[in-house]
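Chains as they are written, first to last, in this note's numbering: chain Z, 113 to 201; chain Y, 1469 to 1896. Cβ atoms here follow ideal geometry from the backbone N, Cα and C, with glycine treated the same way.
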Amino acid sequence: MKVEEKLALNKFDVDKEVHITVNEEGCRDCELKPCLYACPADCFVLREDHITFSYEGCLECGSCQIACAKGAISWTYPRGGFGVCYQYG
Amino acid sequence: MDRFDAIVVGAGPAGCASALVMAKAGLKVLVFERGKYVGAKNMWGGAFFGPQINYLFPNFWEEAPVERLVTRHVISFLTGKGSVSVDFKSTDFGIPPYNGFILLRAKFDLWMAKQVEKAGAILATGLKVDDLLVEGEKVKGVKIGKEEFHSDVVILAEGANSLLTQKAGLRKEFSSEDIKQGVKEVIQLSRKTIEERFNLKGNEGVAMEFVGLCTRGLPGGGFLYTNKESLSLGVVAQLSDLIKNRVKTLDLLEEFKTHPEIGKLIEGGQTVEYSAHLIPVAGLGMIPRLYRDGLLVTGDAGALLLGTGLILEGANFAIASGMAAAETVKMAKEREDFSQRTLSHYQQILKESFVLQDLETFKKAPKFLKNARIYHLYPELIVEMAEKIFRNNGEPRKGTFRMVREVLKGRISIWQLFSDVMKARKAI
């Protein structure tokens, strides 16, 4: 099962306001790219040699910010009421 | 703006427990929940153990949305060639007040929050607390955007990714060594299929843990809980190991689902949800300062949970700490003193209860559980021994102990094995 299929099952109320920002300057000289392995929703994708990030499928666990040794990820929860809405949990 | 005796941040088990106890004592309580509804952000493996919920809501199972009782525990060592399991079925665990409850958090937490409202607390959902309101050294309330909400005390029950606790200067930044990541799928299956497949009757349920191949031999494990009409299947692994080994929990869970043992159990099921969460696993060492002037930290935000390999508990610690925080606030209210001197009573209650005592008893567990052999080598050795014991290849048999020696030979020294057993003795 692909991650897109999994995330499509979840209910999201996606905020227009972005809750995670990635400073790509920091990513450029990052060899390890831990965000790729830390994110359980594959929000970080390596395209050619740079990281692209999308916040829409974020499960709000907070792993990426802890994993990023470059301090390039600034993380906050989405605004109240927005983001993932688990039906089962 | 109204002034509150207490503001609670987060309506999970810790937040609900503290709000309920305070509201019942007649305090003016305001609970903020960032989810659109209570439970929207809450996720776990699957089961609650012990009497804590029953202390809050006597005989809650009669009306609360409980999926099943835990009447059977299975721990399996899983390899590519087979598995060896301990399968414990208890008749006593099926008798009130029961020992374990399988719950789905989005449903159960919503029910819990309703009881909290009935007790008189005000619940505000869809509101994320952005910051604490601090005057001098004292926490005086919370901020949401530009709005300020004032109270004598704030109880943080914000969960594992405790950003406000960090902002309050009570904890340092997390290291990926101290954090595990759990991912889970809820897989729908008919009630009848679940009961036949797992040998269950009525409200009986099973909690299963898997060690070995499910994490590709990395520290962590797999889990499966039977809900009424679905299974909760997931994988937990250490964040630092995922990074070091360039592995994703997403892939581990997909592999786990296709393992023959698991494939049979979930066959025909339909995934209906995919979720993820952090678990602070470093034990006593990572507990933040739990109080300061006008502030208390409870539940996962306080890293108050227990993982010994055999026992995985968090929500009971959350409820116990929430109740302890509420008792402390009641006392502080009587004294009209919310300084850290009075609030330090919270730490005292926790020390006298199972919360800090269990963490003390098992303080060596977090380090012990990082031993890679537990997840890589030992499952393989155990399965190989079982295979050798039960295999009949037509040759004359060898004595069991000789065979065990042969399996161990070249893989692990007796001294290493002895040392691991001794460490286990002290840790778990």
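- Chain-order list of chain Z residues neighbouring Leu1746/Y: Cys173, Gly174, Ser175 and Ile178, by C-beta distance under 9 Å.
- A Cβ-Cβ distance of about 13 Å is found for the pair Ala1625/Y and Leu1498/Y, leaving them out of contact under the 8 Å criterion.
- Residue contact with chain Z for Leu1624/Y: absent (no Cβ-Cβ distance below 7 Å to any residue of chain Z).
- Using beta-carbon distances, Lys118/Z counts as an interface residue toward chain Y, with a partner under 7 Å.
- Ranked by Cα distance from Phe1806/Y, the options Val1679/Y, Gly1762/Y and Trp1512/Y are led by Gly1762/Y.
- Between Glu1795/Y and the set Gly1478/Y, Gly1480/Y and Ala1487/Y, the nearest pair of CA atoms involves Ala1487/Y.
- Leaving aside the five residues that flank Glu1852/Y on each side, the residues in its chain whose CB is nearer than 7 Å to its CB run, in chain order, Val1875.
- Contact annotation for Arg1573/Y against chain Z: Tyr198, Tyr200 and Gly201 [CB-CB distance below 9 Å, chain order].
- Between the alpha carbons of Ser1558/Y and Gly1688/Y lies a distance of about 26 Å.
- Using a Cβ distance threshold of 7 Å, Gln1656/Y and Val1740/Y count as a contacting pair.
- When the five nearest sequence neighbours on each side are left out, the beta carbons in the same chain lying within less than 6 Å of the beta carbon of Val126/Z are those of Glu168, in order along the chain.
- In the DSSP assignment, no residue is bridged to Ile1734/Y.
- In the structure shown, Ser1486/Y adopts helical secondary structure according to DSSP, grouped into three states.
- Interface flag for Leu158/Z against chain Y is unset, since no Cβ pair is found closer than 7 Å.
- From the beta-carbon of Phe1642/Y, the residues of chain Z found nearer than 9 Å are Gly174, Gln177 and Ile178.
- For His162/Z, the number of other beta carbons within 10 angstroms of its own is below 16, and it is reported as exposed.
- Every unbroken stretch of the beta strand (DSSP E) spanning 3 or more residues and falling wholly within the stretch 1546-1618 of chain Y is given here in chain order: 1551-1557, 1568-1570, 1590-1593, 1599-1603 and 1606-1612.
- Per DSSP, reduced to three states, the secondary structure at Gln199/Z is coil, with no helix or strand assignment.
- With respect to chain Z, the C-beta atom of Met1511/Y has a partner C-beta closer than 7 Å.
- Taking CB atoms only, Ala1508/Y has a neighbour in chain Z less than 7 Å away.
- Considering only beta carbons, the part of the stretch 118-145 of chain Z lying closer than 8 Å to chain Y consists of Lys118, Leu119, Leu121, Asn122, Asp125 and Leu144, in chain order.
- Within the stretch 1760-1834 of chain Y, the complete beta strand (DSSP E) segments of 3 residues or longer fall at 1763-1765, listed in chain order.
- Residue pairing by DSSP places Pro1748/Y opposite Ile1647/Y in a beta bridge.
- Exposed is the label assigned to Phe1869/Y, since fewer than 16 other Cβ atoms lie within 10 Å of its Cβ.
- The residue from Glu1605/Y, Ala1587/Y and Lys1611/Y with its alpha-carbon nearest to that of Val1597/Y is Lys1611/Y.
- In the displayed model, Arg1536/Y falls within a strand according to three-state DSSP.
- In its chain, beyond the 5 residues on either side, Leu1488 and Phe1525 have a beta carbon closer than 7 Å to the beta carbon of Gln1583/Y.
- The Cβ of Thr1717/Y sits closer than 7 Å to at least one Cβ of chain Z.
- Straight-line spacing of the CA atoms in Phe1678/Y and Val1765/Y works out to 32 Å.
- At a beta-carbon threshold of 8 Å, the residues of chain Z lying near Val1740/Y are Leu121, Gln199 and Tyr200, ordered along the chain.
- At least one C-beta of chain Z is nearer than 7 Å to the C-beta of Arg1502/Y.
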